[in-house]
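Numbering (our numbering), first residue to last: 146 to 520.
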């Protein structure tokens, strides 16, 4: 057995130590702290030596805020073109290309369309009395662009005397449409009920066209449909027919907050544009909220006529804006047309149209029928 004394041999000598004779240095004297009383006002003492000014005394005036110190909110900014090394990194996927002027403009278009709001529903009519002027496709695509950017709240509808092609080119085959909606207008009390008469699109727009025969639409029915859509949608886009003299089409124009007049690059379509602008001028203030859209359908064009068309239209007519939409095979294809099927440059052009339409909404009167003669 191990001897305990061998394990704790040093402990036997512990009692032999006497530390009473050991000397230790005396502790340093601690200076008594000197209290400095601040006789100045308490508020000033808090900011003594600070770069910030003291707060105003009670009842005093507040100094104006230095605007240069506030952060500013900016959208995407143009940057200097990338150098050779950065271009190489971009090609390798190791760097991101700076936004182009087109992308910056499109971003601004999107911002305006998304952030604009109003205290009532807005309506835009797409008008040209000549057939084959891209009215119906543009109605569908404009509604698609507005709905995609704003996250829905947009309805495209068929404001024509007799059934048109809007339902035929839209996505889906809804069992009910405009005919059934007019008949059941008094029974619709919710957005869910109204949705049963629409064709939902991938762009989040809702389309209300004719899926069955109907009688000629009256001005009263135009108001009924528009008021109903205005209850459940922020924006409605109205496709129109070719007869500008019909009372129902005049009612569409009287209640429009903006107008889009499309034309294909040919003499026939441009003549229709001219007639539409004459009709628009009869509605007070509507010319200033009109957007011209020049489109190309892929057919033969007079090169000289095409080259000078936009310049002549801009010089001759007092309208809000003019936008040129390039040829896109998706628009010419028979069958369903969706906004997502467009080429990128075509989408940019349609979004540019949407921006001008929304800016026209921003300048529209507070009430839909501000003039007595419009009633």
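By construction, the Cβ of each residue, glycine as well, lies at the ideal position given by its N, Cα and C atoms. The model shown is predicted, which means the values in this text are computed figures rather than measured ones.
Rounded to whole angstroms, the gap between the alpha carbons of residue 505 and residue 263 is 12 Å.
Here DSSP, grouped into helix, strand and coil, assigns residue 327 to helix. Counting other Cβ atoms within 10 Å of its Cβ, residue 460 stays below 16 and is therefore classed as exposed. If you ignore the 5 residues before and after residue 507, its C-beta comes within less than 7 Å of the C-beta of 261, all in its own chain and listed in chain order. For residue 440, the enclosing beta strand (DSSP E) starts and ends at 435 to 440. Within the same chain, and ignoring the five residues on either side of residue 329 in sequence, the residues whose Cβ sits closer than 8 Å to its Cβ are 342. Per DSSP, residue 455 has no beta-bridge partner at all. Annotated as proximal: residue 495 and residue 286, with beta-carbon spacing under 8 Å.
The beta carbons of residue 348 and residue 484 sit about 4 Å from each other, so the pair counts as a contact at 8 Å.
For residue 302, the beta-bridge partners assigned by DSSP are 353 and 383.
Comparing C-alpha distances from residue 472 to each of 466, 450, 434 and 438 shows the shortest one belongs to 438. Excluding sequence positions up to five before and after residue 417, its CB lies within less than 6 Å of the CB of 273, 274, 275 and 278, all in the same chain and listed in chain order.
Between the alpha carbons of residue 300 and residue 413 lies a distance of about 29 Å. Judged by DSSP in its simplified three-state form, residue 469 adopts strand. In this chain, the alpha helix (DSSP H) harbouring residue 364 covers 364 to 377. A distance below 8 Å separates the beta carbons of residue 381 and residue 371. In terms of CA proximity to residue 421, 435 leads the group 435, 446 and 411. In this structure, the straight-line span from the alpha carbon of residue 367 to that of residue 304 is close to 7 Å.
According to the DSSP assignment, residue 407 belongs to the beta strand (DSSP E) that extends over 403 to 409.
In the structure shown, the three-state DSSP call for residue 271 is strand. Of the candidates 360, 462, 353 and 270, the residue whose Cα lies closest to the Cα of residue 404 is 270. In this model, residue 402 and residue 265 are separated by some 11 Å (Cα to Cα). Proximity of the segment 449 to 467 to the segment 305 to 322 falls short of the contact definition, fewer than three beta-carbon pairs being nearer than 8 Å. Secondary structure note for residue 251: its alpha helix (DSSP H) is the uninterrupted segment 246 to 260. Its chain contains 300 and 381 as the residues whose beta carbon lies nearer than 6 Å to that of residue 374, once the 5 sequence neighbours on both sides are disregarded; these appear in chain order. Residue state for residue 509 is assigned as coil, using DSSP reduced to three classes. As a beta-bridge residue in DSSP terms, residue 345 pairs with 351. Per the coordinates, the alpha-carbon of residue 310 lies some 8 Å from the alpha-carbon of residue 355. Inclusion of residue 389 and residue 424 in the CB contact set at 8 Å is warranted, their separation being smaller than that value. DSSP places residue 289 in the helix class (H, G or I) of the three-state scheme.
Taking 8 Å as the upper bound for CB-CB distance, residue 446 and residue 410 are in contact here, some 5 Å apart. When secondary structure is reduced to three states using DSSP, residue 394 falls in the helix class. Looking only at 399, 488 and 500, the smallest Cα-Cα distance to residue 513 is reached by 399. Residue 466 holds the alpha-carbon nearest to the alpha-carbon of residue 432 among 466, 353, 236 and 249.
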